[in-house]
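Below: one structure, written as structure tokens.
Protein chains: 2
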Amino acid sequence: MNNMFAGFEAYCREDIKLTEAEFKLLCSASVERALRRKEVLLRMGEICKEKIFILDGFLRTYRVKEDGSEHIVQFSTEGSWTTEPESYHNATPSQYCIDALEPTTVMVWTKADFDALFLQIPRMKAFTDKMISDNMYINRNRLYTTISSNAEERYDEFIKSHPGVANRVPLHMIASYLGVSRETLSRIRHAQVKG
Amino acid sequence: MNNMFAGFEAYCREDIKLTEAEFKLLCSASVERALRRKEVLLRMGEICKEKIFILDGFLRTYRVKEDGSEHIVQFSTEGSWTTEPESYHNATPSQYCIDALEPTTVMVWTKADFDALFLQIPRMKAFTDKMISDNMYINRNRLYTTISSNAEERYDEFIKSHPGVANRVPLHMIASYLGVSRETLSRIRHAQVKG
Chain A
16 MNNMFAGFEA YCREDIKLTE AEFKLLCSAS VERALRRKEV LLRMGEICKE KIFILDGFLR
76 TYRVKEDGSE HIVQFSTEGS WTTEPESYHN ATPSQYCIDA LEPTTVMVWT KADFDALFLQ
136 IPRMKAFTDK MISDNMYINR NRLYTTISSN AEERYDEFIK SHPGVANRVP LHMIASYLGV
196 SRETLSRIRH AQVKG
Chain B
16 MNNMFAGFEA YCREDIKLTE AEFKLLCSAS VERALRRKEV LLRMGEICKE KIFILDGFLR
76 TYRVKEDGSE HIVQFSTEGS WTTEPESYHN ATPSQYCIDA LEPTTVMVWT KADFDALFLQ
136 IPRMKAFTDK MISDNMYINR NRLYTTISSN AEERYDEFIK SHPGVANRVP LHMIASYLGV
196 SRETLSRIRH AQVKG
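Just so you know, the sequences run in chain order A and B.
Here my numbering is used: the first sequence runs in plain steps of one and ends on residue 210.
Here my numbering is used: the second sequence runs in plain steps of one and ends on residue 210.
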């Protein structure tokens with residue numbers, strides 16, 4: 016637990032460039048929460064009221080289609096932020112769910128508290144704006160890969176962009192993230208192992 | 016020409032809620048430019064230094080794969096903004112091109128001038144931040160559609176989200192945007208016409 020938190024402190028000090036006082040302020044507004052495997056953080060239709068930093072573990076954001084199939088739009092590993100941005104910013108019912116793929120420890124801020132922090136820590140606001148922009152580029156590039164590449168190219172890109180993730184989730188979840196069938200992905204993996 | 020500009024003024028006054036003085040300031044920092052059909056606004060590898068508002072006409076943003084195939088990530092019609100955000104914000108070589116699909120009239124701001132406007136018109140900064148967020152939601156939802164839907168569902172979604180666009184661009188460009196083959200899309204359109 017102390018190690019996780021030390022990682023968060025280093026990230027805040029070095030990456031966000033918070034002062035010690037700002038870091039303490041940020042932490043004092045947060046609540047730490049331990050999630051069991053499969054525990055749900057956000058359901059479809061709920062309003063997402065929280066910003067989340069993952070100290071340890073692994074979350075996914077996904078949406079369930081009318082036919083019951085699940086489609087994963089994001090994997091979030093330790094050391095990263097997550098939320099459901101549209102629901103969080105506009106207070107609208109979420110079209111996505113978030114749950115834990117492993118036992119996970121998160122820090123959680125309510126929107127009201129995080130907005131208040133922006134006034135007290137202008138650097139935090141600038142950092143968050145930059146994260147939103149970066150997220151936009153990542154999504155555009157992922158969209159480009161999805162429309163321009165075949166299943167094998169998409170899988171190779173995933174392995175590059177998500178080091179270590181492929182070993183932590185079942186094959187059908189990677190297939191869901193890539194938008195390919197489990198059978199296709201299974202064939203690609205077998206061919207690569209043999210090749 | 017006057018009509019186009021009247022539309023821009025109405026948009027600035029009603030949607031962005033600019034005062035008359037702010038609107039004049041915004042316009043005074045811009046340059047109007049007329050583009051021929053197929054004229055290029057941004058090449059891959061160039062740094063995107065401009066923010067663009069389309070008064071009249073139609074642009075596309077696309078990327079060319081190593082194999083020479085073109086993949087369209089965005090159609091931008093009159094009354095909307097465009098830029099290549101990653102290159103624009105980070106001053107990095109653009110991975111995308113922007114060109115005109117029809118004779119097009121745009122208003123153009125350099126990044127330096129637009130950043131200066133943010134200091135003079137705080138409302139413009141808030142509006143731009145909201146556009147970036149909205150863009151993120153749109154891209155996430157488009158990604159969801161792309162990974163969760165078959166070619167026919169994707170085409171139907173495109174027709175709904177891009178009213179009028181399907182009649183303005185050749186079939187192979189819609190196929191490129193959807194990430195499906197021209198043959199598949201042609202089959203879907205024929206079946207829908209017959210159905």
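The beta-carbon is built from N, C-alpha and C at its ideal position, and this holds for glycine as well.
Predicted model only: the values in this text are computed from it and were never measured.
{"Check": "Listed by chain order, chain B residues near aspartate 144 of chain A by CB distance under 9 Å", "Outcome": "Asp144, Ile147"}
{"Check": "CB-CB length for isoleucine 87 of chain B against methionine 188 of chain B, believed under 8 Å", "Outcome": "6 Å"}
{"Check": "Length of the line joining the Cα atoms of valine 212 of chain B and aspartate 149 of chain B", "Outcome": "It is not possible to answer for residue 212 of chain B, since the shown part of chain B is limited to 16 through 210."}
{"Check": "Limits of the beta strand (DSSP E) - the one that arginine 202 of chain A falls within", "Outcome": "Unbroken run through arginine 202 of chain A is the alpha helix (DSSP H), 197-209; no beta strand (DSSP E)."}
{"Check": "Contacting residues, own chain, Cβ-Cβ under 6 Å from isoleucine 113 of chain A (five flanking each side not counted)", "Outcome": "Leu56, Leu57, Leu74, Thr76"}
{"Check": "Close Cβ partners of methionine 16 of chain A (< 6 Å) along its chain, the five nearest in sequence each way excluded", "Outcome": "Unreliable placement is indicated for methionine 16 of chain A, whose pLDDT of 48 sits below 50; no coordinate value is reported for it."}
{"Check": "Range of the contiguous alpha helix (DSSP H) that encloses isoleucine 162 of chain A", "Outcome": "137-163"}
{"Check": "Terminal residues of the alpha helix (DSSP H) in which serine 84 of chain A lies", "Outcome": "That residue, serine 84 of chain A, is in no alpha helix (DSSP H); it is neither H nor E in DSSP."}
{"Check": "Start-to-end residues for the alpha helix (DSSP H) that takes in isoleucine 62 of chain B", "Outcome": "That residue, isoleucine 62 of chain B, is in no alpha helix (DSSP H); it is neither H nor E in DSSP."}
{"Check": "Contact list for the segment 153-168 of chain B against chain A, Cβ threshold 7 Å", "Outcome": "Asn154, Arg155, Arg157, Leu158, Tyr159, Thr161, Ile162, Ser163"}
{"Check": "Contact with chain A by glutamate 101 of chain B, beta-carbon distance below 8 Å", "Outcome": "yes"}
{"Check": "Of the listed residues A:Phe142, A:Gln110, A:Gly83, A:Thr107, nearest to arginine 28 of chain A (C-alpha basis)", "Outcome": "A:Phe142"}
{"Check": "Distance cut-off 7 Å: arginine 169 of chain A Cβ against heavy atoms of the ligand NAD", "Outcome": "Although the ligand NAD was asked about, the structure shown includes no ligands whatsoever."}
{"Check": "Through-space distance from lysine 209 of chain A to isoleucine 147 of chain B, alpha-carbon basis", "Outcome": "44 Å"}
{"Check": "Residues of the segment 165-199 of chain A whose Cβ lies closer than 9 Å to any Cβ of chain B, in chain order", "Outcome": "Ser191, Tyr192, Leu193, Gly194, Val195"}
{"Check": "Minimum Cβ-Cβ distance from lysine 64 of chain A to chain B less than 8 Å", "Outcome": "no"}
{"Check": "Paired residues, beta bridge with lysine 175 of chain A - DSSP", "Outcome": "None, per the DSSP bridge assignment."}
{"Check": "Three-state class that DSSP yields for lysine 53 of chain A in the structure shown", "Outcome": "coil"}
{"Check": "CB contact below 8 Å: histidine 86 of chain A versus chain B", "Outcome": "yes"}
{"Check": "Neighbour-count burial assignment, glutamine 89 of chain B, 16 or more Cβ in a 10 Å radius", "Outcome": "buried"}
{"Check": "Interface flag, methionine 151 of chain B vs chain A, CB-CB below 8 Å", "Outcome": "yes"}
{"Check": "Straight-line Cα distance separating serine 163 of chain B from alanine 190 of chain A", "Outcome": "11 Å"}
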